[in-house]
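The structure appears right after this line, and notes come after that.
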Amino acid sequence: MADLPSIDRSQRLRDLSDTMANESIDSFYISDEVSIRWISGFTGSSGQILVSPSGTHLMTDSRYTDQATHELAGMDIAVRVESPLEHLKFMKSELRGVANLALDPQRITWDEAQRLKAEFELALMPAPNLLSDLRKIKDDSEIARIETAAEIADSALTQVLAELAAEPTEVEFARLLDYKMLELGAASLSFETICASGPNAALPHARPSSRVITSGDPVVLDFGAVVDGYHSDMTRTFLIGDGSDELLRVMDLVTEAQALGCEAIKPGVTASKVDYECRAHLGRENLSQHFLHGTGHGVGLEIHEAPWINSRSQDTLGANQVVTCEPGVYLPGVGGVRVEDTVLITQTGCRRLTKFPKVSVV
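Next up, the structure:
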């Protein structure tokens, strides 16, 4: 695996500070692991970050003394390894005289929010898009990690695809694909790999079963690799041996819809427009009622994150965002087809990061 560029989290802190100032936010409390990792690089399972007028502070416990010191080396973030009681005392002192404390309501539990409300005599301010808007735009170091994860997924499928013809079970093939991604350098899997064959392929989120993959089956493979926390996501659909003319037609139409969706992806385009292009193409062939989900989503430290590509999305796409485009058609009792790529939005369009060919028959 190629060396990955270092991540400049100092710029993220500056961007966060500027955004807080623009939104008249005095302090910001963060407790979810993904946000903490994005801001600080800390990967422990227990921690909180307080961004206050005096600076940025990571609070954790003694299990992570060495880890926090190592992962935050060179960062302008104060590390406080103390008991929860001492953390509370520190926050009370730090927030004295502060007008408001912002929270991301989508990333904090009701219980934790109520506890903070009871402890501090200040207004709690919902800030649902404060970090998600910043995280939409990927820097070069993030793009490199996602692209490497995509390359691993591509290579893994290339090396194991022929095994589909050997009539494995769905579980056996999914495990083979998983093993190959890990062998090629993935730190983990983006999610539980989907390998759905025959009528199971009509279930968008099917889980691998003991069903034997046989000639004539459609097989939907949805999978991804993780590199240094960053995900890839791709789906390919294959027919084993001689498939039905109906399924071959649907495969062609879904592949065409996905190409139209990718053509629409560029800066300044609304996400709903991309969804429309895919859905309209399938609708012209009376298949839109079988397209059961949105067209895509952002990809990064989470497999599903902003921006969201669906008919109701209010997002507008921008350069250096990474999203998926994944139309699908699902025919109950027959099977299903989905084609998906992870794509990087460039200054003028988009570039596919997952590049495995859209091959129809194995």
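Residue numbers (the working numbering): 5 to 366.
Each residue gets a CB set at the ideal place from its N, CA and C atoms; glycine is no exception.
Runs of the beta strand (DSSP E) spanning 3 or more residues and lying entirely within the segment 18-98 occur at 31-34, 52-56, 59-64, 81-85, in chain order. According to the DSSP assignment, residue 181 belongs to the alpha helix (DSSP H) that extends over 174-187.
Closest option to residue 288, judged by alpha-carbon separation, among 260, 236, 310: 260. DSSP places residue 283 in the uninterrupted alpha helix (DSSP H) bounded by 275-287.
Contact annotation: the segment 121-129 does not touch the segment 192-208, with fewer than three C-beta pairs closer than 8 Å. Pairwise C-beta distances place the segment 295-314 in contact with the segment 138-146, as three or more of them are shorter than 8 Å. With contact defined as three or more Cβ pairs closer than 8 Å, the segment 264-276 and the segment 321-331 are in contact. Residue range 238-243 is occupied by the beta strand (DSSP E) that includes residue 241. Note on geometry: alpha-carbon atoms of residue 14 and residue 241 lie some 42 Å from one another. Residue 365 and residue 243 have their C-alpha atoms some 5 Å from each other. As for any beta strand (DSSP E) of minimum length 3 sitting wholly inside the segment 183-225, the runs are 198-201, ordered along the chain. DSSP lists 302 as the bridge partner or partners of residue 309. Assignment of beta-bridge partners to residue 105 by DSSP yields 31, 128. With contacts defined by Cβ atoms closer than 8 Å, residue 154 and residue 357 form a contacting pair. Here the alpha carbon of residue 283 sits roughly 7 Å from the alpha carbon of residue 295.
The segment 337-348 makes no contact with the segment 170-181, as fewer than three CB pairs between them are under 8 Å. Rounded to the nearest whole angstrom, the C-alpha separation of residue 209 and residue 239 is 12 Å. Contact between residue 343 and residue 262 holds, with the beta-carbon distance rounding to 4 Å and staying under 8 Å. Residue burial is scored here from C-beta neighbours: residue 114 has fewer than 16 other C-beta atoms within 10 angstroms and is therefore classed as exposed. Distance from the CA of residue 72 to the CA of residue 48, rounded to the nearest whole angstrom, comes to 8 Å.
Looking at the backbone, the Cα of residue 27 and that of residue 106 are separated by about 10 Å. In this structure, residue 182 lies near residue 193, with their beta-carbon atoms less than 8 Å apart.
Secondary structure at residue 141: coil, using DSSP grouped into helix, strand and coil. When DSSP reads this structure, residue 229 sits in a beta bridge with 193. Here residue 184 is buried, its C-beta having at least 16 other C-beta atoms within 10 Å. Residue 276 is not a Cβ neighbour of residue 246, given a cutoff of 8 Å. Here residue 300 is buried. Its C-beta has 16 or more other C-beta atoms within 10 Å.
In this structure the segment 38-55 lies against the segment 63-77, because at least three pairs of beta carbons, one per stretch, are closer than 8 Å. In this structure, 254 is the residue among 11, 254, 319 with its C-alpha nearest to the C-alpha of residue 332. One alpha carbon belongs to residue 110, the other to residue 33, and they sit about 13 Å apart. Within the DSSP secondary-structure output, residue 267 pairs in no beta bridge. Membership of residue 120 in the alpha helix (DSSP H) is indicated by the continuous run 114-123.
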